[in-house]
Structures are given as structure tokens and as C-alpha cells.
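Structure, as C-alpha cells:
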Amino acid sequence: MSEKKILIVDDEPSIVLSLDYLMRKNGFQPFIARNGEEALEIAKNEIPALVILDIMMPGMDGYEVCEKLKSNPLTNSIKIIFLSAKSGKEAIEKGMSVGADKYLTKPFNTKQIMQEVMNLLQ
Amino acid sequence: MVGSSIFLTLILYLVLLFGIAYRIDLSKKWRKRIAGNPTVYALTLAVYCSAWTFFGSVGAASTYSIEFLTIYIGPLIVAPLMWIIYRKFIRISKAQGITSMSDFISSRYNKSIALNRLVTVLLGVGIIPYIALQITGIERGLETVISWGDKSQANFSFFGFIDMAFVVTVGLGLFLIAFTTRKLQDKSQNHGMMGAIAFESIVKLVVFIVFGIYVCYYIFDDQSQVYALIPDGELKLNTSNNFSQWFGMIILSGLAFLFLPRQFEVGVFAASNETQLKKAIWMFPIYLILINLFVVPIAVAGNHFFSETDVDKDTYMLALPLLNGHKWMAIFVLLGGFSAASGMIIVATHAISKMVANSILLPSFIDRPFFINRFKGKDHKIPVLFRRISILIVLLLAYFYYKLVAVEYSLISIGLVSFIAVSQFAPAILGGIFWKHGNVKGAFAGIVSGFVIWFLFLVIPTLFGGTVNKNYIMLVTESIENNHGAIITTVFFWSMFVNASLYVFVSLISKQSNLERNQAELFVNIYNYSESVESSVVWKGKAFFPDVQSLLSRFLGEQRANYELRTFTEKNNIQLDEKEELDSRVVRHVEKLLSNMIGSSSARILVASVTKEDQISMEDVVDILEESQKLMVLNKELNQTSQELKRLSDALKLTNQKLKKNDLLKDEFLYTVTHELRTPLTSIKALSELLTDDERMPEEIRKEFLQTILKETNRMTRLISQVLDLENFESGKHQLRISHADINELIVYCTNTMDETFKKKNISLHIALDDTLPVMELDYDRITQVVINLLTNASNHCNTTKGEIWVGTRKSNNTVIVEITDNGEGVERGMEQVIFEKFFQADNKGTKKSKGSGLGLAISKKIIQLHEGKIWVEKDETFGAKFIFTLPFEQNKFIVA
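The listed protein sequences derive, respectively, from chains L and C.
When you line the first sequence up against my numbering, it's residues 1 to 122, in that order.
When you line the second sequence up against my numbering, it's residues 123 to 1019, in that order.
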């Protein structure tokens, strides 16, 4: 059985660095996208099992990426976790309303994020 | 047959008038609607247009003289003056409880009862013939219609002696008794009657216009056809084409309009508030113009048909439709004429009878023991009784005058005689409200002399009629001026001249009493006192509460009297003690209340009967007026203070709003800062967790993690120090340390500092400096910060493979210009301003800029601004972004923030 693919979308290299290592260590195959456009491209090509998605990015923001993924029959089964510094109630509600499966806030706990990924992929 | 249908029409019309007045009096809603309504007010002013207007104008115009117009041009010209004169009348009357013209005059002049009576008698003499003239108008109209083609029916009457005019007179008398005398104790202003008068004004205007259209477009085909009938050159100012006579007539009718008792009644005493005047002064002139629109064509048409017959020129309006067989139109016109006449009769009789009752009858009887005993407990019925008696007297006098004298004369001449009579009051009234020195002796002298002239030269001739008068008038006028035609204007001029001269002359040579001086001050400067007339009127004497209270109860009823007294004393903070002497303001107020109801003379007699009045000294007058004035000043100051307070509170509100907005900005800033801190914090936390949990981590990864943590920590530190920096600049804690510096040297220093970074990134640097720049005054460290910041930005944004940066200085107009250009992509269009704001990527867009904290440019901008320079970015045509800042050669001030 091949390793499950996970797409990490964030424009902060240091955050990507930690998530990349975390996923690899737990037996996943991570892909990295620096912005929304890149994320959509990789998602279509690789069809990952799950996307960890930042919201505030240059250009297309995370909400839009999520909506596009969910509205495309090719990618709409992909699980999506928002991981954002936006912790307000409105931001979380908006995130859930565009179709995300989970909303986690930064700074995050590495064990918790792993737990959520596992739960969603069972 | 015709007679009875006309009779029925007029009776129905009268019933309609009763109905309207009754409806209004009955309902509070309607009374309110009538009371303050400026349109109704303007329409009641049109009571000026009487039967004389209706039938007489056409008669006068049939001589091809347009002198009849002067009667309307006069009022048209003085209408705007009503804002000055009538407003003052209204204010004075309201403040002093004045309800008639004679009360108005006597109140001003020493409250003289004799003057009050004189004015009443003279007005009666002047106006009763005028009322008779209206009855004549109705009667002539009736006669024309009924006797048309059948002379035998000329004298339409019942039982041989009760003629139609009598029936009409009685009907109008009943109307007056029903709607003006029922509730005298009320301050109500006879809204029912006024509503009916306004209705009559509409009727007469509509009838006149409809008839005009009927003549011009029904009898004739077109108005121009009518005008074509005017003989060439025949249309003239007046029969002798005399301009000064024309001018004199305009002044006469202007004055008459202001001082006719019926105009006073509707314009002053029936006014609810002064603002009604504003609309009336343009609406009323429009009314006058409309009602005169068709006078000339109708007269011309009349001449065309009747010049060879014995048809009376004053009845052209009836004869025209009758000749053409349109009886219905004749009856319609008759109705219009009737509305004009009856409106005038009602208001004029109301005004005169009120004076007769309040100035002559009541004061003579009110303190007679017989009356006091006869009406014990029902005193309020005394004024009602006398008012009804006076109405009957006035109408009967008018009727008999009509029967015995008026039939002989044309409508217009009696009217003008009355005009001259009422003009005699103009000097005393106008002098009274504008000239403080006018006094009662002057008023007497002026009025009496004016009336003597009027009587000798205008009344005697009409009274004795026949051939005698012609010679008499000729004799008199010839000796005054060699003008045979202009009796009216000549008598007007001389009577007014003598009247006004004597008024002024006698006033100047005789002394005013102290009471009179007090009243003069209150009349002339009413706008200063209108709020406080009660306390500005001098009254000295002994009075006790029970006496005054019982006096007031006699006329108002106990309940109403107590209510009035209570509200007044509470409003003015007056303590009522039965054993103590009564405050003079209360006495004065009671007199005003009584005066409202029974006239000022009777009120004065009654108040004097229950009090012991003292002589007023000059000091009293001066004191009390000064006090009132002080109160006024105080009031004004208070007003100013409160206005200032309002201004201050407005300013405070504004500041508060600004602060709130600042607060909001601050909140946003704080939110963004914490947000920005969260990103490095997240990496540090995640990486540390991974390092802690995974001990078997490969060495190179461990090293990379640790380096990243260090980098992110530095990023946080930088951010925090930048936030502090900016805050310190904004709050003024950071001061510039100005020193002399060479800007070129500064730039070289900065590029040297950045040298290593450039080399690492393989960026080539080009420097072009202007060595003629003077020594500058600036904060060396801060400007260095700006230049380093701009160089760092440039190095971050320039072309990644082959980066190039240009740095240059030059001078222009006492400023140094520094330019730093890179070969990157340049600043996105539309973002040129925003990038200088702190965290310009603000969270509401959900995006953020790619590199940097977002504070560097904001800080740079602040520093340059403190140096009184400017900083901005341009898109370089060939390269990327070009950042430019300017610095003035010399700092004007060494300030900060």
C-alpha cells in the first residue's frame, strides 16, 4: 500500500518545514504548495487524501481554494483542514461553511494536528 | 316667479353660511384648521373687496377711466408693509388684551375713555354709510334682475313694507348674533365667522372670473374682440387724466386698507399668529389681481350693449346676461355680489358693534346698581346682551341710512367718503406705534380736525343732496385749489395734512402723563416687552385678592376665574395671600382678561372700582421699564450662554468621535500586530515540539530546525522593536536629534553596510551622487534607518537572477532628492499609497504581502515627515520600483511628532 498523500498549503517556509517533517515521520507523503494556484494544480494532479490549508496567503486565499476543491467532482472528496492564525468566531464559521472538515488555529500542537489527520483519514 | 327663485337662492346661500360657521364652531378639529391657516387668513383679508368691487368697479371702468384700479393698487403696494405694521398691531393687541380699533387707540393714549368713545362714534359715522352702501348694492342687483323686462315688479316686497334688503339685513344680523356673541368669555376668535368669510371670498372671486370668461368667450368670441371696442385713445388714468389725483387715490386706498375697521378685525384681532402674515402678504395681492382681471372687458361689453339705454352702469354685470337671455347667469352673478356685500356687512358690523358695546354702552351701565342687581350671578350675560343690542343698532342705522340717503348715489362715491373717514385715524395709530412722544391731546386734535374737514366738505353735501351741494362743493374746493374734478383727493389731502400737523404739533407742545409714557414705551418698543408686558406696566395702588377674584368671577365664572388666576400666579411665582396687598401684576392681568371680553374702558372702570389706585410717579415708570429691559438683557445673555454651551458640546461630540475612530484604528493595529507575531510563534512552537519529541532526528535536520527557530525569534524581536519605534514616533516620545550631515556620505555608509547582502544575492549596485549638495540638517541615525530599509526592500524585490540597484542624489528647489531603484517587478498599480501604511495588507483582505513585517515603510514615512520631507514610490519605466524621498536643506524647526 502506497503512502497516503497530504498537501500542505502555506506561504511561510518555517511552518511548511515543520509540517513537512511531521507528516513524513508519520508515514505520509507530503506535497508543498506556496499559494492557492499552486495548491489547486497539485491537488488535481496528485489527488491527495487531505489538505492542510492556510487562509491568509498572497493572491487566492484559503477559503477560495477550499470552495474550488469542494466544487470540483475530481477533488471534492479530499478532506480539508484549515490551519490559520485567524481565530475569530466569524473566520471559523466561514471556514466550515465553505466545506472544510476541520478548523485548527495557529499556533498549533503537533500531536493534536496529527490526531486530527488520523481521525479524518480513518 | 323670478323673484321667489332669487329669494330662495339667497336664503339657501345664507343657510349655507350658517352651516359653515356652525360646523367650524362645533368641531375642535375644524377650529384648529381655520385658526392658524395662512390661506384662510389671506382670504379673510379679501373682505376688502366688497359689493363696490363687485358692481362698482365695472361702473367706474365704463367711463374708460382706469381710476378704479387705484383702489386695488393702494393695498397691493402696502401689503408688504403689513409685515411691519400689522405684525406690531398683532403683537400689541395680544399682549394688552385689545380687541377693537377704538381700544387700540385709547390704550395707547392715556387709556382715555373719552378718546375711545370719540373714535367709536366717528368710525360709526364713517362706516355705517358704507354698510348701507352694501345693502344698496344688494338691493340694486335684486331690482335689476327682477324688474328686467317688467317694470311693474320693480319694488319687490312683502306686505308692502318689508323689502328684500330688510330680510337680508335681518338674516346677517342673526348670523352675527349667533356666531360672535355666544361665548364672549372665551378668547376664541370667532373661527366660525372667519371660516364663512373666507368661503365668501372664494365665492365672489370664482363668480367674477367665471363671469369674465362668460363675457369674453361666450358672449364674444375672444377677449381681443372686446378690447377692439374701446374707442381710440379713450382709455385714461381718470376723467381729467390727472396724475396727482391718481397718486392721491392710491395713497388713500392704501391707508384705508390698513385702517378700515373690518381689515383691522380680520387682519389683527382674528390673527392667530404673526407668521400667517408671511404668506398673506403675497397671497392677498394675487387675489386682488385676479378679481380685477376682467373688469375692463366687462365694462366695455356693457358700453357696447347699453350706451344708448338707461341701464345703470353699476348693474352691467347683471344686465349683460339678462339681455342675452341667460337668467341663470344673472342669478349666479347676483350670488357673487351678495357674497361680496354680506362679507363686508358681517365683518364691518361686527367690528363697529363691538366698539359700540365695549366703548359706549358697557362703560355707561356696567357699574350702575340696577344692572348689578338685575344680573346678579349672571354678569357674563351683560356683555352678551350689549353686543346683541349694538349689532341691531348698527344694522338698523345702516338700513335707515340706505332707505333715506344712499339710494341717490353711485356705489363708488360713498365708499370713498368712508375711506377718507378711516384715514383720519392713520396719524394717531401710526404715530402711536412708531413715535413715543405722540400724546392724547395730539391725537384728539388731529382726529377731530380731520373729521371736521371731512364732514364739512364731503358729508354735508351728500346729506343735503340736490342742487345745494353742487354749489357748495364748488365754492369750497375752488377756494382751496382750482380743481373742480378732484374733490375726493383734495379733501383727502387737506384733511390729512391738517390732521397730521395738529397731531404732531399738539403732541410736541403738551406733556404726556406718566401712564401714557408707560404705554407709549410698550407700544413703540413692543418687541422688547411682549414676553413681559404684565410686569412692564406700571400700576400702583392697593388691591386685595378676594375683591379682584370676585370681579373676575362675575364675568368669567368662578371656575374659569380661579383657573386663570392660578395659572398666572404660578407662572410668575406670585404668592397669593388674602390679607396681604395684591401684587400689581395680578391686577394688571385681570384688567387684561376683562378687557379681552368687555373692552378696555369697561375693564378699567371695573378694576378701579375694586382697587384704590395711586398716582404713578415718573420714577415708577423709569424703574419698571429699566427692570424689564434688564430682564431682557439677562435673557439675551442666558440665551448666548446656552448657545455657547451647545457649541462646546458639539465640539466635544466631535472630539469624542475622533477619539473613537482613533481607538478603532488602534484596535485594528493591535490585532494586526498580534497576528503578525503569531506566525513566527507558530513555527517556533511546532519546531520545538518536534525537536523535543523526536530524539532520533538526523543531525542536519536538527540543525536546520534550530536555525529556523533562531531566525523566527529574530523576526519577532525585529517586529516588536519596530512596533515600539512606530508607537514612539506617533506618540512623540522619539525626538529627532538634528545635526549637520553630508547626505552623500550617509548614503555611502549605508551601501557599505549592505555590501555583504548584495554580494550574497549577486546584486550589482550603481551609485550616482551630486557632489554640489550642501551640508544638511538631519537626524543621522534615522535617515540611515530609512535608507537601509529602502535598500533592504530593493534587495528583496529586485530581479532574483541578475539583481541591480541604483542609488542617486540630486537637488531641486532647496531640497535634496534621494532615489533608490531596483529592477524587480515594481509595486502593483493602485498600491502605491497603501504600502506606506502599517500592515497595509490588513486582515480584511485575507491576504498578506510576501515579505517583511509591513512596518518598515510606515516608519520610514514617519521619519521623512518629521524632517518635513516627502516619500513616495514610482514605477520606473524600464526598471522596477523607484522609491524617492526628499529632504529640505534646512529644518524650519527642531520639532518632532
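For every residue, glycine included, the Cβ atom is placed at its ideal position computed from N, Cα and C.
Using the C-alpha atoms, what's the distance from residue j back to residue i?
i	j	result
C/Gly294	C/Ile468	At residue 294 of chain C the sequence reads Leu, which differs from the Gly that was named. Straight-line Cα distance between these residues: approximately 7 Å.
C/Val574	C/Val243	13 Å
C/Gly389	C/Ser635	31 Å
C/Ile331	C/Ile413	7 Å
L/Lys79	L/Gly99	9 Å
C/Leu895	C/Gly925	29 Å
C/Arg639	C/Ser623	21 Å
C/Leu132	C/Glu261	12 Å
C/Tyr902	C/Ser861	7 Å
C/Gly248	C/Glu680	40 Å
C/Gly465	C/Ala320	9 Å
C/Tyr231	C/Glu643	11 Å
C/Gly141	C/Phe454	20 Å
C/Leu977	C/Ser853	16 Å
C/Phe619	C/Asn238	23 Å
C/Ile474	C/Leu298	12 Å
C/Ser632	C/Gln256	42 Å
L/Gln115	C/Ser805	19 Å
C/Ile214	C/Ile551	12 Å
C/Val590	C/Ser481	Since pLDDT at C/Val590 reaches only 42, below the 50 mark, its modelled position is unreliable, and no value is offered.
Around the C-beta of residue i, are 16 or more other C-beta atoms found within 10 angstroms, so that it is buried, or is it exposed?
i	result
C/Gly246	buried
L/Glu12	buried
C/Glu759	exposed
C/Asn784	exposed
C/His472	buried
C/Glu600	Only weak support is given to the placement of C/Glu600: the predicted model assigns it a pLDDT of 44, under 50, and the value that follows is read from those uncertain coordinates. Under this definition C/Glu600 is an exposed residue.
C/Arg951	exposed
C/Gln671	buried
C/Arg509	buried
C/Met204	buried
C/Thr733	buried
C/Gly158	exposed
C/Asp285	buried
Excluding five sequence neighbours on each side, which residues of the same chain lie with their C-beta closer than 8 Å to the C-beta of residue i?
i	result
L/Gly59	Asn35, Gly36, Glu37
C/Val180	Val417, Ile420, Ala421, Gly424, Lys435, Asp436, Tyr438, Met439
L/Leu121	Lys4, Ala49, Leu50, Lys79
With a Cβ-Cβ cutoff of 7 Å, do residue i and residue j count as a contact?
i	j	result
C/Thr166	C/Phe391	no
C/Phe386	C/Met223	yes
C/Lys1025	C/Phe958	Absent from the model: residue 1025 of chain C. The displayed extent of chain C is 123 to 1019, so no value can be given.
C/Gly459	C/Ala173	yes
C/Ile542	C/Phe614	yes
C/Thr431	C/Thr266	no
C/Val795	C/Val845	yes
L/Asp61	L/Asp10	no
C/Thr943	C/Lys1004	yes
C/Arg800	L/Ala85	yes
C/Ile727	C/Pro407	no
C/Val628	C/Lys558	no
C/Gly263	C/Leu457	no
C/Gln367	C/Thr611	yes
C/Ile253	C/Ala470	yes
C/Ala201	C/Ile403	yes
In chain order, what residues of the same chain have a beta carbon less than 6 Å from the beta carbon of residue i, not counting five sequence neighbours either side?
i	result
C/Val908	Ser982, Ile985
C/Leu382	Val544
C/Trp450	none
C/Leu519	Ile250
L/Lys70	Asn76, Gly99
C/Gln398	Pro160, Tyr163
Going along chain A in order, which residues have a C-beta closer than 8 Å to the C-beta of residue i?
i	result
L/Thr110	Considering every chain present, this structure includes no chain A. Its protein chains are L and C.
Residues in its own chain within less than 7 Å of residue i by CB, not counting five upstream and five downstream?
i	result
C/Leu410	Tyr194, Pro197, Leu198
C/Cys171	Lys326, Ile413, Ala462
C/Trp576	Ile542, Ala543, Gln546, Val613, Ser617
List in chain order: all unbroken alpha helix (DSSP H) runs of 4+ residues lying wholly within the segment 614–650 of chain C. 636–646
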